[in-house]
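Position in the sequence shown (from 1) plus 719 gives the number in my numbering.
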Amino acid sequence: MTDDEPSLVKRCLAGESASVRHLIGRYESDVFGLCMRVLTHRQDAEDVTQETFVRVFRSLRRWDNTRPLRPWILRIAFNRCRTWISQRARRPELVDYLQETAGKEVPDDAGELAGEIQLSLHKLRPEFRSVFVMFHEQGMSYEEIAEVHERPVGTIKTWLHRTRMEVLDYLRKRGLVPDEMNSNKTVGE
Numbered sequence: 720m721t722d723d724e725p726s727l728v729k730r731c732l733a734g735e736s737a738s739v740r741h742l743i744g745r746y747e748s749d750v751f752g753l754c755m756r757v758l759t760h761r762q763d764a765e766d767v768t769q770e771t772f773v774r775v776f777r778s779l780r781r782w783d784n785t786r787p788l789r790p791w792i793l794r795i796a797f798n799r800c801r802t803w804i805s806q807r808a809r810r811p812e813l814v815d816y817l818q819e820t821a822g823k824e825v826p827d828d829a830g831e832l833a834g835e836i837q838l839s840l841h842k843l844r845p846e847f848r849s850v851f852v853m854f855h856e857q858g859m860s861y862e863e864i865a866e867v868h869e870r871p872v873g874t875i876k877t878w879l880h881r882t883r884m885e886v887l888d889y890l891r892k893r894g895l896v897p898d899e900m901n902s903n904k905t906v907g908e
């Protein structure tokens, strides 16, 4: 937690529009990144990011100022993503060509690998995806991720390990990483 978070929240609650913009600016990329990875569609991620900040400001008085603000906001974002996914399951999916996509192929192997990792993550539970993104892409600690998910650190470590194994298995099946080598062999055998 940064020292100025409680004062920033206090100014937001007092209605200072510059403080509201500052709070959004500080956390918007983290929230959008999480939403994008969990939801996989840009428009959905943008909508849920907006919903998240509406919820944040609606609930700001309940934030415990002895705890960091970022995990609290990301927990709200993740919960909004879960709600969005459950609602999406009950309504028809938009046609794929209407979805906004990059449309450009990345010519190098790193781009292909990154794309395949994203495909593998899309097949996993939202909780597993978000833990992977929070740890590997946003650089959050186990403790911060545990706070976002309201789970013990051990559970987060287990989820992250399972996600890594599932991604690795998927990449092996796609022929992008070699099968496990016998680690007992020594050089020269």
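A virtual CB, placed ideally from N, CA and C, is assigned to each residue, including glycine.
- Annotation: residue 764 to residue 758 spans about 6 Å, alpha carbon to alpha carbon.
- If you look at residue 847, you'll find it in the alpha helix (DSSP H) that goes 845-851.
- With 16 or more other Cβ atoms inside 10 Å of its own Cβ, residue 839 counts as buried.
- Judged by beta-carbon spacing, residue 871 lies beyond the 8 Å limit of residue 800, meaning their Cβ atoms are not closer than that value.
- Per the Cβ contact rule, the stretch 853-862 is not in contact with the stretch 769-779 (fewer than 3 Cβ pairs under 8 Å).
- DSSP, read as helix, strand or coil, puts residue 790 in helix.
- Setting aside the 5 residues that flank it on each side, residue 785 has no residue in the same chain whose C-beta is closer than 6 Å to its C-beta.
- Under the criterion of beta carbons closer than 8 Å, residue 797 and residue 748 do not qualify as touching, at roughly 16 Å.
- DSSP places residue 748 in the helix class (H, G or I) of the three-state scheme.
- One alpha carbon belongs to residue 842, the other to residue 739, and they sit about 36 Å apart.
- Membership of residue 884 in the alpha helix (DSSP H) is indicated by the continuous run 872-892.
- Rounded to whole angstroms, the gap between the alpha carbons of residue 732 and residue 876 is 36 Å.
- Around the Cβ of residue 880, a 10 Å sphere holds fewer than 16 other Cβ atoms; the residue is exposed.
- Residue environment analysis places residue 802 among the exposed positions, since fewer than 16 neighbouring C-beta atoms fall within 10 angstroms of its C-beta.
- In terms of Cα proximity to residue 776, the closest of 743, 888, 852 is 743.
- Rounded to the nearest angstrom, the Cβ distance from residue 790 to residue 867 is 5 Å, consistent with a contact under 8 Å.
- With a cutoff of 8 Å on beta-carbon distance, residue 847 and residue 874 are scored as not near each other.
- Contact between residue 753 and residue 853 holds: CB atoms are separated by about 7 Å, below the 8 Å threshold.
- Spatial neighbours of residue 730 in its own chain (CB-CB distance under 7 Å, excluding positions within 5 residues in sequence) are listed in chain order as 738.
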